[in-house]
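Start counting at 1 in the sequence shown, then tack on 12, and there's your number in our numbering.
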Amino acid sequence: LSPEEIQYLLQTVQTLKRKSHLAKQSVALKGKVLGMIFQKPSTRTRVSFEVAMYQLSGQAIYLSANELQLKRGETIADTARVLSRYVDCITARVYSHNDILELAKYATVPVINALSDYEHPCQALADIFTISEKKKNIKNLKIAYIGDGNNVAHSLALAVVKSAGYIEVATPKGYEMKKEVIELINKEAEKNKARLITTNNPVSSAKDADVIYTDVWASMGQENEHKKRLQDFKDFQINSELVKLSKKDVMIMHCLPAHRGEEITDEVIDGPNSVVWDQAENRLHIQKALLMLILMKKTSI
Ligand code: CP
Ligand code: NVA
């Protein structure tokens with residue numbers, strides 16, 4: 013998405029959220045069907061997409077990859093070709109990002125990334141909406157992402173720099189964001205008068221931060237690295253001591269699900285500065301706006 017498209021999306025979400033009583037009865041997507049392929053588990057993404065389609069009078073079909081013929085070797089390309097004859101849009105959560113690219117290449121309907129090992133764009137769009145909703149102007153903030161340089165970090169940093177913001181990404185050595193993504197983010201940052209700082213120092217990132225964001229240390233598919241990661245990430249926990257270094261009104265964010273006691277303590281996630289439940293709710297509003305813009309190509313409801 014271009015910075016302009018992101019701004020347009022954020023404006024649409026604002027309107028939709030304000031008029032959420034209307035959106036709940038909207039017939040905007042009557043007759044439209046969303047096919048949702050999931051190779052991995054999901055609570056927020058699956059439910060918010062399903063509820064969004066329901067509230068806009070469309071229908072969502074949950075397609076566990078294990079129960080599709082994909083499981084028995086039908087190719088992604090053929091799956092994309094066939095689903096395109098039935099549904100109006102496909103969303104997919106995959107292990108390998110290449111699977112999303114393959115789906116998009118062969119589908120004749122729009123394909124939405126519902127998380128891959130590389131990116132989590134729907135999450136990031138909801139997150140910059142949450143930040144701008146609560147802190148008004150994203151441009152004057154220090155946003156500190158502290159944790160794994162993973163899919164969530166990639167998408168968040170891209171969304172922040174495309175919104176002309178400033179983000180610091182603090183990861184342990186060896187867990188930095190991918191080099192090509194850092195290059196892309198820096199290129200975008202230059203275009204948009206934004207800034208990315210990457211560091212291995214969680215303390216300097218937390219200092220005077222307006223937003224502290226974290227995610228799990230071992231993502232889906234990395235379960236066998238969990239033990240090693242607990243050790244490697246031990247200085248990157250978001251706890252009261254680290255939060256004390258940030259601004260008084262710091263906003264604590266987490267895409268969820270949280271591994272309480274690992275990347276974040278109970279005290280912080282349940283504390284007064286945490287916005288994680290509002291953040292999760294905004295997934296629904298952003299999915300609605302996304303679906304409307306993609307399937308109707310207009311914003312009114
Ligand atoms: N944040 C997020 O995408 O959550 P789920 O894995 O529950 O969808
Ligand atoms: N990085 C996490 C995000 C979960 C929403 C994962 O990929 O498992």
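We put the CB at the ideal spot given by N, CA and C, even for glycine.
Determine whether the beta carbon atoms of residue i and residue j lie at a separation below 8 Å.
{"i": "Ala221", "j": "Ser258", "result": "yes"}
{"i": "Val99", "j": "Leu46", "result": "yes"}
{"i": "Lys300", "j": "Ala64", "result": "yes"}
{"i": "Leu68", "j": "Met48", "result": "no"}
{"i": "Met189", "j": "Ala176", "result": "no"}
{"i": "Thr211", "j": "Gln249", "result": "no"}
{"i": "Leu296", "j": "Ser54", "result": "no"}
{"i": "Leu21", "j": "Leu137", "result": "yes"}
{"i": "Asp129", "j": "Ser108", "result": "yes"}
{"i": "Ala40", "j": "Met304", "result": "yes"}
{"i": "Leu307", "j": "Lys44", "result": "yes"}
{"i": "Ile298", "j": "Cys134", "result": "yes"}
{"i": "Pro15", "j": "Asn152", "result": "no"}
{"i": "Glu275", "j": "Trp229", "result": "yes"}
{"i": "Val287", "j": "Lys154", "result": "no"}
I'd like the list of long-range same chain contacts for residue i, defined as Cβ closer than 6 Å, with 5 residues on each side in sequence excluded.
{"i": "Glu180", "result": "Ala156, Ile209 and Ser217"}
{"i": "Glu235", "result": "none"}
{"i": "Thr311", "result": "Caution applies to Thr311, whose pLDDT of 48 falls short of 50 and renders its modelled position unreliable; the value that the coordinates give is listed next. If we look at Thr311 and ignore the five residues flanking it on each side, its Cβ neighbours are Thr24."}
{"i": "Ser231", "result": "Asn162"}
{"i": "Glu200", "result": "Val173 and Lys174"}
{"i": "Lys42", "result": "Ser69"}
Tell me the DSSP bridge mates of residue i?
{"i": "Gly47", "result": "Ile73 and Ile102"}
{"i": "Tyr178", "result": "Arg207"}
{"i": "Arg272", "result": "Ile276"}
{"i": "Ser286", "result": "Ile264"}
{"i": "Tyr157", "result": "Val181 and Tyr225"}
{"i": "Ile250", "result": "Ile276"}
Would you kindly report the start and end of the unbroken alpha helix (DSSP H) that includes residue i?
{"i": "His166", "result": "Asn163 to Lys174"}
{"i": "Val215", "result": "Pro214 to Ala218"}
{"i": "Asn149", "result": "Run containing Asn149: none; DSSP gives neither H nor E here."}
{"i": "Tyr225", "result": "Element bounds for Tyr225: not the alpha helix (DSSP H) but the beta strand (DSSP E), Val223 to Thr226."}
{"i": "Glu17", "result": "Pro15 to Arg30"}
{"i": "Phe245", "result": "First-last for Phe245: undefined, no H or E at that position."}
{"i": "Glu114", "result": "His109 to Tyr118"}
{"i": "Ser96", "result": "No alpha helix (DSSP H) contains Ser96, which DSSP labels as neither H nor E."}
{"i": "Tyr66", "result": "Arg56 to Gln67"}
By Cβ distance, which residues of its chain are closer than 7 Å to residue i, with the 5 residues on each side in sequence left out?
{"i": "Ala329", "result": "For residue 329 there is no data in the structure shown, the boundaries of the chain being 13 and 313."}
{"i": "Asn213", "result": "Ala182"}
{"i": "Gln51", "result": "Ala77, Arg105, Val106 and Tyr107"}
Residue i lies in the beta strand (DSSP E); which residues open and close that run?
{"i": "Asn125", "result": "Val123 to Asn125"}
Excluding the 5 residues flanking residue i on each side, which residues of the same chain have their C-beta closer than 8 Å to its C-beta?
{"i": "Ile88", "result": "Leu82, Asp111, Glu114, Leu115 and Tyr118"}
{"i": "Ile150", "result": "Ile140, Ile143, Ser144, Val172, Ser175, Ala176 and Gly177"}
{"i": "Val262", "result": "Ala221, Asp222, Val223, Ile224, Val255 and Asn285"}
{"i": "Ala165", "result": "Tyr157, Gly159, Val181, Thr183, Met189 and Asp227"}
{"i": "Ser38", "result": "Gln67, Leu68, Ser69 and Ile313"}
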